[in-house]
Each structure stands twice: as structure tokens, then as C-alpha cells.
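Enquirer: Can you read through this structure? Questions will come right after.
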Amino acid sequence: MRLTLREVMLGMRRSPLLSTLSVVTIAFSLFAFGLFGLLVLNVDRALRGVEEHVEIVAFLADGTLPESISAAMGDISAFPEVARVDQVSPEQALARARAELPEFQDVFDASFLPPSLEIRLKEGHRDPGTVKDVTQRIQTYPFVDDVRYGEDWVKKLYDIRNIAGAAGIALGLLFAAVAVIIIGTTIRMTVLARSREISIMRLVGATDGFVRLPFLIDGFLKGLVGGLLALLLTWGANWLISHNLIQTFFFDPGIAFLGVLGGGIIGLLGSALSVGRHLRRV
Amino acid sequence: MRLTLREVMLGMRRSPLLSTLSVVTIAFSLFAFGLFGLLVLNVDRALRGVEEHVEIVAFLADGTLPESISAAMGDISAFPEVARVDQVSPEQALARARAELPEFQDVFDASFLPPSLEIRLKEGHRDPGTVKDVTQRIQTYPFVDDVRYGEDWVKKLYDIRNIAGAAGIALGLLFAAVAVIIIGTTIRMTVLARSREISIMRLVGATDGFVRLPFLIDGFLKGLVGGLLALLLTWGANWLISHNLIQTFFFDPGIAFLGVLGGGIIGLLGSALSVGRHLRRV
Amino acid sequence: MIRFSHVVKEYPRTGLALNDVTFRVNKGEFAFLTGPSGAGKSTILRLVIVEETPTAGEVRVSGSLTSGLPRAEIPRLRRRIGVVFQDFRLLEDRTAEENVAFALEVTGAPREGIPARVSRLLTQVGLASKGTSYPKELSGGEQQRVAIARALVNDPVLLVADEPTGNLDDRATRGVFQLLRDINAAGTAVLMATHNLDLVKRNTYRVIEVNRGQLVFDSAEGDGGAATVTSSTPT
Amino acid sequence: MIRFSHVVKEYPRTGLALNDVTFRVNKGEFAFLTGPSGAGKSTILRLVIVEETPTAGEVRVSGSLTSGLPRAEIPRLRRRIGVVFQDFRLLEDRTAEENVAFALEVTGAPREGIPARVSRLLTQVGLASKGTSYPKELSGGEQQRVAIARALVNDPVLLVADEPTGNLDDRATRGVFQLLRDINAAGTAVLMATHNLDLVKRNTYRVIEVNRGQLVFDSAEGDGGAATVTSSTPT
Ligand SMILES: Nc1ncnc2c1ncn2[C@@H]1O[C@H](COP(=O)(O)OP(=O)(O)OP(=O)(O)O)[C@@H](O)[C@H]1O
Ligand SMILES: Nc1ncnc2c1ncn2[C@@H]1O[C@H](COP(=O)(O)OP(=O)(O)OP(=O)(O)O)[C@@H](O)[C@H]1O
Ligand SMILES: [Mg+2]
Ligand SMILES: [Mg+2]
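Same order as they appear, the protein sequences are chains H, Y, U and B.
Note that our numbering has the first sequence beginning at 1, numbered continuously upward.
Note that our numbering has the second sequence beginning at 1001, numbered continuously upward.
Note that our numbering has the third sequence beginning at 2001, numbered continuously upward.
Note that our numbering has the fourth sequence beginning at 3001, numbered continuously upward.
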């Protein structure tokens, strides 16, 4: 083992250029991966923020008794999917309209608006199916005139989220593949550059394992260092964006650690694949 | 020249692996660049679509004479920045409100809403400065009660556009730098792999130019092929997104051609830098 | 130790390099392998160290048939053979000392003993002062002597040397040859390809001569073929 | 042709390889360079082809001082010198023919004449049938002969050969030496480093001997120093 570690150190000391380039390539590949990861993370967070506004509005018939309303609010609060139920008076509705549409700036008489209940759903129950289901149950109250839940809007929101997720995963996988290819390439080149040495080692009696191990460790270490560098770069990019453009979120420490470890594993994999294939031919 | 071309062919035939890898690396780098380019292009187009909705609304005082309104509309239409002026009656305003806010579903009496004029600006005059300027001029009409142009909204729109542009350019430059580094690396490795050959060539009397030229041509050709591949990949990605997710736009043929040529130039540059530096040391 | 029976070696593009070569070298024997340039000497040695396998016929080294030898067995066989290559094949990124030590390290020899053994051998080939030089900092003859030291360092049971004195002056040649004789006297079989006819003539060792891929002379056959015919126990 | 005055060569890690070496080789002269392994023979030849420059003293080749020679002038000088390297230095990715042709191509020789010249030279070194083989498909002696053919192909005014017969049998050695004599007879100066004392003794050519970096014997000095002292016109 000590012998192997010495071999690894020797290899790095002897081809500092190739080593540096391997690390930089791995770092940049993972950095690209990290940027897309950040994009997906932040789009997802932003969408979750919007999703919180998914709500069902039940318009009440004129002259409904306050007691009926209270009873209904209690009932509805008890639905397992429901997070909160609020009553909205005509005045509150008008105030909101005045804030949202400029035409209502000069309107102050709220009597033409109906009172309503606003129902917010719990997280995890905001998909179009559940919303529709809850809507139908609310519709059974006799004093409920009409229920609206913005079918189109809810559906569109979910579409965007799914598209962003799919695009993120697709691009992420693409970049991971590119990273593996580039790393494999770099290591293949190292192996090629050392193919004469490797064949001499074998001719004086070195086993495949003896020849391979330093490459594996080397690949793993370079992957780790590359991963760390990528983390630093990604963090820097995030810091720049956060401080100059818009507030963004960064990965959890756990995920960041997994990413660095992933770098190591990609390096190991690239080494294993390209050394293994090459040794068979030397 | 024929000799040089033969050298280039020889080089490619002899290290097909290294050649393929160079081309693939260049292709992937430019592909990453292309993806970000597409993103910027499409965000920009999308923003331009939203920008078309920038409008100024002038609320008219009760009892304004139709003749005054027509005259004002003529005047305002003649402003060089203005594209169109429309009159919006209280009924139209209510219809719009009913579509946008669920509370108005059951409201049919429009008399409480004021009539208004809607002014759309020409392309290129939708920046916050111009909008504010036009707004002030419209405010001078005595029968105009109030003018709204969504200051916040217009500013936010421009912010988003600028942020997206800046982020796109920053990321694009980053990826271009990565591409140059990776290409330089690949070519450096080719040079390193052939350093023994190069030193022998020099020892039997080859000039630097004789040794360098095949590398330059090689780099340029690989860059071109890589660029073409990247164009194909980007086009493919765009096709997939267009057909499965959302309608997107692709680069103009001119820009695409420039991109491929850019690949060639990057390849040439990478070769020149790394061969030149290496030759000095052989 | 080495047994070739009707060995044919055909290279992909250049055709027959060996044609029906049969001979054996016994344990502890010393044999010269001579013949003009391109005769097939190096090819015979490459077959012995399993760098190549025969196209037809059998090569047995220390009892194992090289043709079907599992990949994992090859290093084990090579560790018992010392090899001096015609083109030296030193590891470019290691010093003379490290090159010699490497042959010991791959065998898993205990680390403590290595430096002493390495420096003893470098002294024996006259390179005591060049231990920390890299191959490209050594003259042709010095590189050749590092290769010889590497071949001898782990006391092989068989030494295979391809033109080990081609870059040496007469004095160095005598020194190296004395080393080979000593190791042979200690029980190691030696097969040495050489063009140095002086060396061959001055000694009474067995001579195997090849020409155009064929075995044309074997001094052991001449004196009754004792070594190759009489004994039929596997070596 | 070649003129060393008080040349000192010190390598970064190994110290002095040449110490105050002075000699000259005239146009059309033939000189052997001998000495034990590590004496500095290859170093002298490397100084002649400007692969190295002296640490102190002057080396002049065909009139030019090599020390301050502009980078662009070096190829021009080298094209007039044929070189056989001790380790051959063939281009691995070119066939024997292409290796020999390369030395002509870099000089910008007209393409039509190249194949004929190349195949004539390969025939002269006895490799007519190996023209399309790559170096690794050639035996040691065959590679050496390709290197010799390459050195001779563009009729150099000076031939520098480092141990050009180390991997050759006697017959091939005689053939190659005859070639060198022929080219010398046609006016090319030859400086040949060798360990083959037979060859040196059998001929009456000048002998320069180095040992531990110092010039210890020069037969031209012995017979009155005619070549090195009398004439002082620049060569
Ligand atoms: N790897 C190879 N591929 C194809 N042909 C080869 C290969 N190695 C050797 N040859 C050919 O086989 C023949 C014998 O080569 P070998 O190296 O055994 O000769 P040798 O006796 O060692 O010669 P020398 O004394 O010059 O080293 C030669 O003609 C050579 O060209
Ligand atoms: N590139 C180098 N760097 C450092 N030292 C070197 C280098 N080349 C040669 N030497 C040293 O200089 C000395 C002379 O080497 P040179 O190659 O000139 O010897 P030589 O006379 O050609 O020997 P041989 O007959 O063995 O080829 C040797 O001791 C060698 O170790
Ligand atoms: Mg040989
Ligand atoms: Mg030498």
C-alpha cells in the first residue's frame, strides 16, 4: 500500500501538467453540472413559492346566515387536504381588486360584490386532481353559489414545474455524461502517455493489479479535488448572482458533500474503465 | 502544401482515438455554449413578447365629451412614440375584470367604472424613461383624471431582461473560456504525445514552421468538425424541446455558420498557443 | 528450463520470423544465440518471456506452456526471469536506482533489503556514481548497464539477454560478461543473443545459431546432442 | 568542417561531461571517435549537431559558431549533416521508407526524385524488402540500418555516426562501413563514434580518443598534427 501511494505521488510529480489538466477538466465538468443543479434548485423553490398561492374560492349566496358560514368553515377545515379557510367580505374583495386592476382605483362601493370563502390546501395536496376533488365536495353546500379554483392556472403551474424538472434532469444527465467522457478521455490520455512505461512494468513482472491501482487512486483523488474546485466555483457563482442579481438558494451541505464525492466516483470510474480497457491491449 | 496536407492526414490516421476525442471535446464545449445561447435567445424573444403589452392607461373624468376624447386620441396617436390608442368603455373594463378576478363573476353593472384610454407604445420606446415621459404629456389634458402605467411592472420587466442578458453573457463567456481551455488541453496532449517525434523531426532538419503547420491545420479542421457536430447537437436539442415542451426559436443560419467557424478558430487558436509554447521547449 | 518444439512465429505484416525451431536449454546452462541481423534472435527471446506466443509449435519455460498461459500467471513467470532488452526499456521517469529497485518491488520483496541490493548491483556494473540519474541523463552504455543490473537484481533462475554488450567498450564488456558467468556459476541458466563473435569464440559455452528464422547450428548437437536429446525429463 | 576549441560541457545534474576539448576535423576527413562508455563521445556529437551547446569554449560547424546560432538557422545547418543516433531515433509512426524520405522532404527536395533515392539507399543497407515496415516491426540491426540510410540520403557534407554498428553482425558491419568509406571518398567528412576496436585497427583512419571528458589521444597529433595544426583557414 505504501508502495502504491508512492507510485501515485510519483505519477503526479512527474506529469504535473497532465494532472492539473485532469483536475481542471473534472472541475469544469462538475461546475457545469453544478450550475444546472442550482438552476433547477432555484426554479423549484420559486415554483414552490407560487404554488403556495393555490387556493379555492367559494362564492356564497346572498343572505347566508353567519352561523351556517361558521359551521361550513369548521367542516372544511377538518378536510385532511385543507390547510386554512378564510372568510372574505365584499370590502376585502374590492380592496384587492383596486390593488390589482387600475380601473378600480376610483371605485369605493363594495356592495355589488358577493362574500366568499378562501380555502388553502396543504403542501403536497395542491395537484390539479386534489384541487378538483375538494372543489366538488365544497360545491355540495347549499349556500355555495359557485366555486372557482383556476383550473387553467393550477394546471399551467404544474406543467411549468414538470417541464423545468424534466429539462433540468435531462441537461443534468447530459452534463454528467459529458463529464464522464471528458474524465475518461483525460485518463485515457494519461494511460496512453504512459503506455510504454506500463508495458515495461508488465515485462519485468508487474501484475495488472499492481499497474492499475495507482491509476485508480489517482483518478479518485483527482476527481475529489476537481469536485471540491467545482463546489468552490459553483458557490462563487451563486454568491455573485445572489449579491448582484436575485436572491438564490445554495445546495445543502449534505448535497454538496455528495457532489464532491460524486466527483471522486466519476474519477474512479473513468480511471477504471479506461485503464482496464487499455491494459488488455498493452 | 501537399506535403503538409499529407502530414495532417497521417496524423489523423495514426491517432484516431486522440483525434476523435479532440473533436468530441470541442463539440461538447460548443454544445454547452450553444445551449446557453439558445436559452438567452429564447428568453429574449419571450421578454420581447411580454414587452409588447406595455401600455399606459388614462382614466377619463365623468362626463367628458366624446368630441374631446376623439381629439385627444388624434393628438396622442401623433406622438412619435405611440403605436396605437384605444378607447375602453366601462363595460369593456368590467368584462376584463370578470375574466381576471373571480370575485366579479356575478357582477354585471358597469356603471361604477370610469371610461379610459389605452395607449400602446412603439417597439424601442418601451423603456421606463419614455413611458414616464409620455405619461406626463398625457396628464396635461384637463379631462384626464389619472394616468397609470405600472411603473413597477415596467421596471421589473426591464430588470429581468437585463439580468437574463447579463447572466447569459457571463455564462456564455465562461463556457467559451472552458472550451478554449479544453481544446488547448487536448492539443497540448497531442503535442506531448508526439513530442519525441517532433524532436526527431527537428534533429533531422525540419524547421519550426514545417513542424507547426500540420498541427495548426489539424486544429482548425477538428474545430470545424467539432463546431458542426455541436450545431447538430444543439439543433437536435432544440428540436426535442420544441416538439415536446415549449415552442422555441433556433439561431439564424448566419449565426450558426459563425458558430461553426468559431469552432474552427478556437481549434486554430488552441493549436497555435500550445504548439508554439511547446516547440520552444523541444 | 527452456524448450522450443517446432516453433513457428509469423508476424502480421512481415511474415515468418521463425520456422520450425526446436531446441532446449537446461537448468544452469549457458548458451549463446548468434546469427545475422534479422535472423530471429530477439524473436526467440520474446517468446521465452511471453512477450509473444508462437504461431505454431510449443514453447515451454520452466515447465509451463506459454501459449495458453492465463494472463495472471505471466507476471509470476516473468519474475523468475531476468531480461536485458536490446533497446534497454528503462522506465524514463525513474532514476537508475529506482529502475533496478522496481524489478524487486514488483516481486513483493521486503523493502528493507532493497536499497542495499540495488546499490551492490549498480556497483558491479560500474555505475555506483550514476544511481540518481534518469535514463536520458545516461550514456548509451550506461543505460545498457542499468538494464543488466535490473535483470540480475532478483536472482533469476533464467537470464535472457539481448545484445547486452552492443554499446559497451571492451573493458565494460569483459566486466559484464564476468557478471553473467558468475551468476551462471551460481546456478542461473543464461541465454544471451550477441553479435560479438570474439566473446563467443573466446569461451567454450554452447552456441545456437539462427539464420533467416531457422536453427542452422547448435554446438550441443555437434558434440553428441547431449543437452537436447539425451535427457527427456521436463526442465 | 568541425572545430572544437576548449570546449567544456556541464550537464545540470551530472556535472562535467567534457572538459577543455580541442580538435578539428577537416572537410572530407574520416575520423573515429573512441573511448570507454560514458567518456563523452555522444556528447561531442550532440554538440556538433547543435542538440546541445557548450557550457564554455566554442564549437564551429561548417564555419558557424553554434552557441549563438539563431533558432531559424539550426535546421539549415542540420540539413547538411547526416546523423546516425546511438538510439536510432526513428519516427515510430512512419515506415522505414517514410523515415528515410522524411530527411529529404524537410530539405524541400523535388518530390519526383525521392522514392528512387530512398529505395536505392535501403537496398545499399540491405533492407530492400523491409521498406514498408514500421520501426517496431524491425529487428534492432534493421532499425540501425534504417537510421544509417536516413543519414546518408541527402548527400550530407558531414556525417556524424554514433555507434552505427553496435547492433550489427560482422557482415552487416562490413557493408555499412564500406558505405561510409564510399561516401567519404565522394567528399563527405565523417566523424564516427565506435567501440568496435577491430574496425578501428583494421583501418588507417584518424582516431580521436576521449576518456572521462578529456581528449587523451589524437592520431593526427601523433603524426605531426597536420590536420589540426598546419591549416588555419576556417573550414
Ligand atoms: N513486431 C514485429 N512485427 C513484424 N515483424 C517483426 C517484428 N519484430 C521482428 N520482426 C521481423 O522478424 C525478423 C526477425 O527479427 P528479430 O528482431 O528476431 O531479429 P534479430 O535476430 O534480433 O536481429 P538483430 O540482430 O538485428 O536484432 C526481422 O526480419 C524483423 O523485421
Ligand atoms: N542529458 C544528460 N544529462 C546529464 N548527464 C548526461 C546527459 N547525457 C550524458 N550525460 C552524462 O555525461 C557523460 C558522457 O555521456 P556520453 O553520452 O557523451 O558518453 P558516451 O561516450 O557516448 O558513452 P557510451 O559509449 O556509453 O555511449 C556520462 O557520464 C553521462 O552520464
Ligand atoms: Mg534483435
Ligand atoms: Mg554514447
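Backbone N, C-alpha and C fix where the C-beta goes; we use that ideal spot for every residue, glycine too.
Source: prediction; values computed, not measured.
With 8 angstroms as the threshold, decide whether the Cβ of U:T2107 is near any Cβ in chain H.
Expert: Interface residue, yes.
Enquirer: Under a Cβ-count criterion, where at least 16 other Cβ atoms within 10 Å of its own Cβ denotes burial, should U:D2223 be classed as buried or exposed?
Expert: Low per-residue confidence applies at U:D2223: pLDDT is 49, beneath 50, and the placement is therefore not dependable enough to give any value.
Enquirer: Which bits of chain U does B:N3167 rub up against, with CB to CB less than 8 angstroms?
Expert: Going along chain U in sequence order, the residues near B:N3167 (Cβ under 8 angstroms) are S2037, Q2086, E2163, G2166 and H2195.
Enquirer: What is the C-beta distance between U:L2158 and U:T2194, in whole angstroms, given that I count them as a contact (C-beta under 8 angstroms)?
Expert: Actually they do not touch by this definition, with Cβ atoms about 17 angstroms apart.
Enquirer: Output yes or no for whether 8 angstroms exceeds the beta carbon distance between H:I138 and H:I69.
Expert: Cβ atoms of H:I138 and H:I69: not closer than 8 angstroms.
Enquirer: Count the other CB atoms within 10 Å of the CB of B:P3054; is the residue buried (16 or more) or exposed (fewer)?
Expert: By the neighbour-count rule (16 or more Cβ atoms within 10 Å), B:P3054 is buried.
Enquirer: Between H:V147 and H:I56, which are expected to be in contact by the criterion C-beta below 8 angstroms, what is the C-beta distance as a whole number of angstroms?
Expert: Contact holds; Cβ gap of about 6 angstroms.
Enquirer: Please state the DSSP three-state secondary structure of H:V211.
Expert: Residue state, collapsed to three classes: helix.
Enquirer: Measure the CB-CB distance between B:E3137 and U:T2014 and report whether it falls below 8 angstroms.
Expert: Yes.
Enquirer: Output needed for H:M201: all residues of its chain with C-beta closer than 8 angstroms, excluding positions within five of it in sequence on either side, in chain order.
Expert: Closer than 8 angstroms at the Cβ level, and outside the excluded window around H:M201, lie F210 and V211.
Enquirer: Using a Cβ cut-off of 8 angstroms (strictly closer), state whether H:I181 contacts chain Y.
Expert: H:I181 counts as touching chain Y.
Enquirer: So does B:R3013 have its beta carbon nearer than 7 angstroms to some heavy atom of ligand 2?
Expert: Yes, the beta carbon of B:R3013 sits closer than 7 angstroms to at least one heavy atom of ligand 2.
Enquirer: Here's the rule: buried if 16 or more other CB atoms are within 10 angstroms of the residue's CB, otherwise exposed. What is B:R3202?
Expert: Label assigned to B:R3202: exposed.
Enquirer: Using only the alpha-carbon positions, how far apart do B:A3172 and B:G3213 sit?
Expert: Cα to Cα, the separation comes out at about 31 angstroms.
Enquirer: Is it a yes or a no for the region 71-85 of chain H touching the region 126-142 of chain H, going by three-plus beta-carbon pairs under 8 angstroms?
Expert: Yes, the region 71-85 of chain H is in contact with the region 126-142 of chain H.
Enquirer: I'd like to check one pair, U:N2196 with U:A2039: are the Cβ atoms closer than 8 angstroms?
Expert: Cβ distance not < 8 angstroms, so U:A2039 and U:N2196 don't count as in contact.
Enquirer: Report the residues of the region 2133-2151 of chain U with a CB closer than 9 angstroms to any CB of chain B, ordered along the chain.
Expert: Residues passing the 9 angstroms Cβ filter: S2133, Y2134, E2137, L2138, S2139, G2140, G2141, E2142, Q2143, Q2144 and R2145.
Enquirer: Kindly identify the DSSP beta-bridge partner or partners of U:S2064.
Expert: Paired residues: U:V2061.
Enquirer: Could you check the C-alpha separation between B:R3089 and B:Q3124 for me, to the nearest Å?
Expert: Their Cα atoms are separated by approximately 20 angstroms.
Enquirer: At a cut of 8 angstroms, does the region 1024-1044 of chain Y reach the region 1218-1230 of chain Y through at least three beta carbon pairs?
Expert: Counting Cβ pairs under 8 angstroms, three or more are found: they touch.
Enquirer: By the three-class DSSP mapping on this structure, what secondary structure does U:N2167 have?
Expert: The answer is coil: DSSP assigns U:N2167 none of H, G, I, E or B.
Enquirer: Beta carbon of U:E2163: closer than 7 angstroms to some heavy atom of ligand 3?
Expert: Flag set: Cβ of U:E2163 near ligand 3.
Enquirer: Taking the alpha helix (DSSP H) that B:N3099 falls in, what are its first and last residues?
Expert: A3096 to E3105 is the extent of the alpha helix (DSSP H) around B:N3099.
Enquirer: Consider the C-beta atom of Y:S1274 and the heavy atoms of ligand 4; say whether any pair is separated by less than 7 angstroms.
Expert: Flag unset: Cβ of Y:S1274 not near ligand 4.
Enquirer: For B:S3005, which residues does DSSP report across the bridge?
Expert: DSSP output for B:S3005 lists B:E3058 as bridge partner(s).
Enquirer: Is the beta carbon of U:A2056 sitting closer than 8 angstroms to the one on U:V2008?
Expert: Against a cut-off of 8 angstroms, the Cβ pair of U:V2008 and U:A2056 comes out as a contact.
Enquirer: Would you mind listing the alpha helix (DSSP H) stretches within the region 3011-3090 of chain B that are 4+ residues and don't spill past its ends, in chain order?
Expert: Counting only runs of 4 or more, we get 3041-3048 and 3073-3078.
Enquirer: Following a CB-centred definition, is Y:G1267 positioned closer than 7 angstroms to any heavy atom of ligand 6?
Expert: In the structure shown, ligand 6 is absent; the only ligands present are ligand 1, ligand 2, ligand 3 and ligand 4.
Enquirer: Out of Y:G1259, Y:A1110, Y:Y1141 and Y:G1223, which one is the CA nearest neighbour of Y:T1064?
Expert: Nearest of Y:G1259, Y:A1110, Y:Y1141 and Y:G1223 to Y:T1064, Cα basis: Y:Y1141.
Enquirer: Determine contact between the region 3026-3042 of chain B and the region 2137-2148 of chain U, defined as no fewer than three beta-carbon pairs at a distance below 8 angstroms.
Expert: Enough Cβ pairs lie closer than 8 angstroms, so yes.
Enquirer: If we define contact as Cβ-Cβ less than 8 angstroms, is B:V3083 a contact residue for chain Y?
Expert: B:V3083 counts as touching chain Y.
Enquirer: Starting from the C-beta of U:S2232, find all residues in its chain whose C-beta is less than 7 angstroms away, skip the five residues before and the five after it, and write them out in chain order.
Expert: With a pLDDT of 35 at U:S2232, under the threshold of 50, the predicted position of this residue should be treated as unreliable, and no value is reported.
Enquirer: In chain U, which residues lie with their C-beta within 9 angstroms of the C-beta of B:S3042?
Expert: Ordered by position in chain U, the residues that pass the 9 angstroms Cβ test against B:S3042 are S2139 and G2140.
Enquirer: So for U:N2211, helix, strand or coil by DSSP?
Expert: Here U:N2211 sits in strand by DSSP.
Enquirer: Pick out whichever of Y:F1059, Y:D1109 and Y:A1099 has its Cα sitting closest to the Cα of Y:Q1087.
Expert: Nearest C-alpha to Y:Q1087: Y:F1059.
Enquirer: How is the alpha helix (DSSP H) around Y:L1269 delimited, first residue to last?
Expert: Residues P1253 to L1279.
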